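Chains as they are written, first to last, in the numbering used here: chain A, 1 to 267; chain B, 268 to 612. Quick reminder that beta carbons are idealized off the backbone N, C-alpha and C, glycines included. None of the values given here were measured: they were computed from a predicted structure.
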Amino acid sequence: MNLEITVLQIILVFIVTFIAAIDQFSFLESLYQPIVMGPVIGAILGDVTTGLVVGGTYQLMTIGNMPVGGAQPPNPVIGGIMAAILAITLGLTPTVAVATAIPFSLLGQYAVTLLFTAMSPVMSYADRAAEEANPGKIVAVNYFAMAVLGLLFGVIVTLFFVGGATFGNRVVSAIPTWLMSGLSAAGGMMRFVGFAILLKVMVSREMWGFYFMGFALANVLAGIPELASSALLLLALIGFAFAFWDFQQQTALQAAAVSMGGDDDGI
Amino acid sequence: MAFSIPAQYKDLTPAPKLDRATLNRMAWRSVFLQASFNYERMQAAGWLYAILPGLLKIHKNKDDLAASMAHNLEFFNTHPFLVTFVMGIVLSLEQNKADIATIRAVRVSAMGPLGGIGDALFWFTLVPITAGITSNMALTGNIAAPFLFLLIFNVAQFAIRYWLMHWSYRLGTDAIGILTANARQFTRAASILGVFVVGALTSLYGGTTVNVQIPNGTTFEATPITTVVSADELDRYEPLLYELDENGDVVRNAEGEPQLADGASIRPLESGDFLITYNEYDEVPVTIDIQEILNGIIPKLIPLTLTLLLYFLFVKRNWTPLQAIGFLLLLGLVGSGFGLWPSIW
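Right, dumping it as C-alpha cells:
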C-alpha cells in the first residue's frame, strides 16, 4: 500500500531525524538507536507495531557494530529511520526493509565523514576564540556543528522520504567513489595533526624514547588479537610504571642533593 | 599558532573549591562532549565547552582564562561516558593553578586508557545486553521495549557521569599537596606517561594504509588433478606423470624405472583402472603488495611517518594546523586519483 504523505508527517520526520542525528554523538546517545527510532517513526506514519518490529530487527543487526575507537560503521540513524519508513510506506517485510535501507545508511556515513573533515579547520576559529578568552564563541562552535549535523541528516532523510527508494539509490550511486575515498583517507589522517601538536608542546629532547616505546609496544599488543581491545589500558599501566619510577628517582635525587648541603650544586 | 601558551598562570593563588552545583552543571554539559567532533582535535572543543563553567569560576584573570582555554583546546579524545573522570582531575589541577605542562600531561595520560575501559563497559557489555533483550521484546510487538532500553541505558550513563565527576574532583584535590611538593618531578613523570600514550595512540588510532599492488610478472601455480583412467589411457598421461628430459623423453633412474614427476602418483585399482594424480600448471599474475612490505619494516609505518612529518613542519617550518589540514586533504584527494588514476587508499 502506498500511503499519502501529509506535510505534518514530513515536518515531524525532519524534526525526529534532526534530533536523532545530534543524539548519535551527543546528548543521551541512545535516542538515535533503531529500537527507539522505529516505533517513533511508526507513530508518525500511523503504524507503531511495524515500526517497533523493524526497529528491533535493525537493532539486532547493529549489535556488535558499534562506533568503537572513532571508527564509523554504516550509519544506524539514517538506516534505522529509512528502514521504518520503507517498511510502512511500501509495505515491505521488516528484513527486506532493513536490507533496502543499507545504501541509505552509507549516505549517513558519508555525511558524517564530510562534517568531521569540514569541522577540522573550524578549530582554528576556536583557537582564536580561546586566545580572546571568549567562551561565547566556543559555545557557538559546538551548537553550530550540532545544527549542521542535524540539518544534513534531516535533509537527506526528508528527501528520501518524499522522493522514494529509487531516487535514493540514484543519489547514492551518483557520488563518485574517488571523492569519498579521498575524503575519508584525509579524514583518517587528520588525527595526526592533533598528535603532532601534542608532541610539539609536550616533547623535550629526552622524552622521544618514550614516544617510540609507546608506539612500539602498541604495535606489539595490537598484534595479539586477545589483547587488542584492552591494549590502551595495558599500555597505560606500562607507561605508568615508567613514569612512577622516574618520579621516585627524581624526588630521591633532589632529596639527596638537598641533604648533601646545597641545592644549587644539584645534579 | 601565533598565540603562545605560557608555562604558568599569572595568578597563582588557588581559587576557591568548586561547589556541587558547578560540578553538576559540568557533568550535564559533558553529554555534549562530541558536539563539534572533528578528525583533527576530535572532542577538543566539546571538552572545553563542558569544563567552561568551572574555568570561568577558577580564572578571574583574563590572560589566565585565555591560556587555560587555549591549552584545553588541544587534541582530546576519550570515552564519552567516562569523560567526567578526566574533568574532575583536570579541574582540581586548574583550581590549584598547577603548571600548564602538568595539567596537559595529566589530561593526556588520563584520556587514553578510559577509551578501552568505556568501550568494554558500554559498547561491548551494556548496549549488547540491553539492546539484545529489548530487541527481542520489540520483535514480538511489545511497546515497552524502547522505553526499557532508554531507561536502563540512561540511568547507567548518568549515574556514572555524575559519580565520576565528584569522585575524581575529590581525588585530585586530595592529591594536590603531594603533587605541588614535587611539582617539577611530577610534571616530568606525567609528561613521560603522556608522551608514551601519544606514541601508543599513533599506532592504535592510526589507520592509514595504502592499497598499491604492483604487477610483477607471472608464476606457475601447481594444481593437483586426480582422476581414474583405464590401462589403455594411461600412456596418454605419461608426459604429465613422469619427469621428462630436454628431448621430451621420460627420465629413467639407474634401475631403468621411469621417474615420477613432482606430486605425481599412480595407484592401481582392483577394477584394473588406475587412480592417477598429477600437477597441472597455470600461469598466474604476481603482485607486490606495498602495504605488506611496509608492515614488514614496521607496522603502522605510515601513521608514524605522517605524525613525525607534521611535527617537523610545525616545529621547523612554523606551519599552522590549518595548513596541515589543507595538506592532508590534498594528499587524500591526490591519492584517490580524482577518478583519473587508480586510488591508492
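Item: Determine whether the Cβ of D333/B lies closer than 8 Å to any Cβ atom of chain A.; Value: Sequence inspection shows Ala at residue 333/B; the Asp mentioned does not correspond to that position. Closer than 8 Å: yes.
Item: So is F195/A in contact with chain B if we call contact Cβ pairs under 8 Å?; Value: yes
Item: Apply the 10 Å Cβ neighbour rule to N339/B and answer buried if 16 or more other Cβ atoms are within range, or exposed otherwise.; Value: buried
Item: Using a Cβ-Cβ distance under 8 Å, would R170/A count as near chain B?; Value: no
Item: Between the region 215 to 223 of chain A and the region 469 to 483 of chain B, do three or more beta carbon pairs fall short of 8 Å?; Value: yes
Item: Bridge partners for F487/B per DSSP, in chain order?; Value: E550/B
Item: Determine the extent of the beta strand (DSSP E) in which I533/B is found, giving its start and end residues.; Value: S532 to P535
Item: In whole angstroms, what separates the C-alpha of S181/A from that of F581/B?; Value: 27 Å
Item: Indicate the three-state DSSP secondary structure (helix, strand or coil) for D330/B in the structure shown.; Value: helix
Item: Taking G187/A as the query, report the chain B residues whose CB atoms sit under 8 Å from its CB, ordered along the chain.; Value: Y306 and G599
Item: To the nearest angstrom, report how far apart I557/B and V477/B are at their CA atoms.; Value: 7 Å
Item: Confirm, please, whether the CB-CB distance from Y316/B to K200/A is below 8 Å.; Value: no
Item: Using a Cβ-Cβ cut-off of 8 Å, state whether V96/A counts as contacting chain B.; Value: no
Item: Hey, how far is the Cα of P67/A from the Cα of V551/B?; Value: With a pLDDT of 48 at P67/A, under the threshold of 50, the predicted position of this residue should be treated as unreliable, and no value is reported.
Item: Out of curiosity, what's the CA-to-CA distance linking G355/B and G439/B?; Value: 7 Å
Item: Taking the alpha-carbon positions, what's the M190/A to V465/B distance?; Value: 15 Å
Item: Using a Cβ-Cβ cut-off of 8 Å (strictly less than) and excluding sequence neighbours within five positions of T289/B, which residues of its own chain qualify?; Value: P320, G321 and K324
Item: In the region 365 to 376 of chain B, which residues sit with their C-beta less than 8 Å from some C-beta in chain A, listed in chain order?; Value: A368, R371, A372, V375 and S376
Item: Less than 7 Å between C-beta atoms, sequence neighbours within five positions excluded: which residues of the same chain meet that for Q301/B?; Value: Q310, G313 and P347
Item: Candidates L511/B, R428/B and L358/B: which alpha carbon is nearest E524/B's?; Value: L511/B
Item: Against F270/B, what residues of chain A qualify as contacts under a CB-to-CB distance less than 9 Å, listed in chain order?; Value: D127, R128, A130 and E131
Item: Would V36/A and A87/A be called neighbours here (beta carbons separated by less than 8 Å)?; Value: no
Item: Tell me which residues share the same chain as A145/A and place their Cβ nearer than 6 Å to its Cβ, disregarding the 5 neighbours each side in the sequence.; Value: M119
Item: Using 8 Å as the Cβ pair cut-off and three pairs as the minimum, do the region 134 to 149 of chain A and the region 356 to 369 of chain B touch?; Value: no
Item: Between A288/B and chain A, is the shortest Cβ-Cβ distance under 8 Å, so that the two count as touching?; Value: no
Item: In terms of residue numbering, what span does the alpha helix (DSSP H) encompassing Q590/B cover?; Value: P588 to S603
Item: Less than 8 Å separating the beta-carbons of T454/B and T369/B?; Value: yes
Item: Out of curiosity, what's the CA-to-CA distance linking A333/B and A130/A?; Value: 5 Å
Item: Could you give the first and the last residue of the continuous alpha helix (DSSP H) run that contains S124/A?; Value: P94 to E131
Item: Take A591/B and list the residues in its own chain whose beta-carbon comes closer than 6 Å to its own, dropping the five residues that flank it on each side.; Value: L577
Item: Comparing the C-beta of L114/A with each C-beta of chain B, is any distance below 8 Å?; Value: no
Item: Determine the burial state of A274/B: buried for a count of at least 16 other Cβ atoms within 10 Å of its Cβ, exposed for fewer.; Value: exposed
Item: I'd like to know whether the C-beta atoms of A599/B and L183/A end up nearer to each other than 8 Å.; Value: Per the sequence shown, residue 599/B should be read as Gly rather than Ala. Yes, these two residues count as a Cβ contact at 8 Å.
Item: Going by alpha carbons, who is nearest to L237/A out of L381/B, G530/B and D366/B?; Value: L381/B
Item: Under 7 Å Cβ-Cβ, which residues of chain B neighbour E29/A?; Value: P347
Item: Whether or not the region 244 to 256 of chain A and the region 483 to 502 of chain B are in contact is what I'm after, with contact meaning three or more pairs of Cβ atoms, one per stretch, closer than 8 Å; do they touch?; Value: no
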